[in-house]
Amino acid sequence: MSHQQPTMLPASWQEIANRLASATDPTGAPIDAGIMELVIALNVLGVQTSSSCEGHMDRGYAAPWVDFHAVGTEAVRRQASEANRALREAEEQGAAAEHIERLTREVFRLASAEQVTYYKGAWLVHQALEAFYEQHQSPMTSNSICTATALATAACNRTASTTSPSAPATSRQPNSHNTSRKFRPLPISSKLSTYPLTIDRSLYNNLPSPQRRQVLNLRSADVRPK
1 MSHQQPTMLP ASWQEIANRL ASATDPTGAP IDAGIMELVI ALNVLGVQTS SSCEGHMDRG
61 YAAPWVDFHA VGTEAVRRQA SEANRALREA EEQGAAAEHI ERLTREVFRL ASAEQVTYYK
121 GAWLVHQALE AFYEQHQSPM TSNSICTATA LATAACNRTA STTSPSAPAT SRQPNSHNTS
181 RKFRPLPISS KLSTYPLTID RSLYNNLPSP QRRQVLNLRS ADVRPK
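For the sequence shown, the UniProt record's numbering assigns the number 1 to the initial residue and increments by one for each residue that follows.
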């Protein structure tokens with residue numbers, strides 16, 4: 001068993017923990033206790049969770065999972081949907097070509113923004129894991145785990161150092177244990193909170209092959225559809 005050093009939690013941790021304590025899914029079920037810490041950590045990092053489960057042997061998935069997206073996704077999706085509706089109505093009503101062209105450009109702009117916003121969630125999680133393993137020794141044979149609190153703390157510390165005016169962009173150096181690799185994901189654990197994390201399979205399949213490997217560095221088989 002690995003021993004975790006005490007960590008100073010990000011300032012927003014308790015506020016988000018209090019809010020999520022009473023949160024429920026569409027069926028009215030609360031967040032499972034075994035996954036709560038990871039859900040809090042993701043929200044602290046700016047990753048909005050939409051559903052989760054600690055895992056059950058008698059139903060659903062036995063392994064814990066969290067479904068997430070970046071904050072702001074729903075607003076962009078709503079705008080994209082409204083733009084598509086406006087374009088369809090304009091075409092049905094025989095609007096001027098210039099008007100249809102303007103609406104078409106807006107649809108493509110919002111579609112692009114939707115993709116970027118959606119995958120920001122995966123990027124934030126990837127960066128959090130990378131920040132954690134830069135600060136912790138994790139040899140390839142290690143069974144050590146990354147706790148949710150340490151994950152959030154490492155990521156917030158990196159954000160503070162890289163956004164500080166006094167910290168040059170090139171000042172961050174990997175530790176001696178990570179010089180041979182940029183990033184190797186190990187299970188995220190909050191008691192039982194481990195992979196897989198989920199993303200939309202249709203969006204994942206539309207990515208070029210090299211970029212698929214960059215989305216949380218997961219194999220295709222590890223990505224569950226929603």
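Heads up, the beta-carbon is just placed ideally off N, CA and C, and yes, glycines get one too.
Residue i - DSSP class collapsed to helix/strand/coil
i	result
SER12	coil
GLN48	strand
GLY94	coil
GLY60	coil
GLU74	helix
ASN18	helix
ALA83	helix
Cross-strand partners of residue i (DSSP beta bridge)
i	result
residue 227	Beyond the ends of the chain as shown, which are 1 and 226, falls residue 227; an answer cannot be given.
Of the listed residues the options, nearest to residue i (C-alpha basis)
i	options	result
ASP67	ILE40, LEU9, LEU103	ILE40
PRO30	ILE16, GLN14, GLN93, CYS53	CYS53
THR24	ALA11, SER51, GLN14	SER51
THR74	TYR133, LYS120, ALA11	Per the sequence presented here, residue 74 reads as Glu, with Thr not at that position. Among TYR133, LYS120, ALA11, the Cα nearest to that of GLU74 belongs to LYS120.
ALA128	GLN115, VAL47, ARG19	VAL47
TYR78	THR117, ALA62, GLY60	Here residue 78 turns out to be Arg, not Tyr, going by the sequence shown. The option with the nearest alpha carbon to ARG78 is THR117.
ILE35	VAL76, ARG59, PRO64, GLU134	PRO64
ALA122	ALA111, THR49, VAL76	THR49
Euclidean distance between Cα positions of residue i and residue j
i	j	result
SER33	LEU42	For the record, residue 33 in the displayed sequence is Ala; it is not Ser. If I take the Cα positions, the gap works out to 15 Å.
residue 242	LEU124	The chain is shown from 1 up to 226; residue 242 falls before or after that span and cannot be answered.
LEU9	GLY28	29 Å
ILE16	ILE100	44 Å
GLU91	ALA97	9 Å
SER12	VAL44	6 Å
PRO26	GLN93	38 Å
PHE132	ALA95	54 Å
**Message:** Does the structure place the region 73-85 close enough to the region 105-117 that three or more beta carbon pairs sit under 8 Å?
**Reply:** yes
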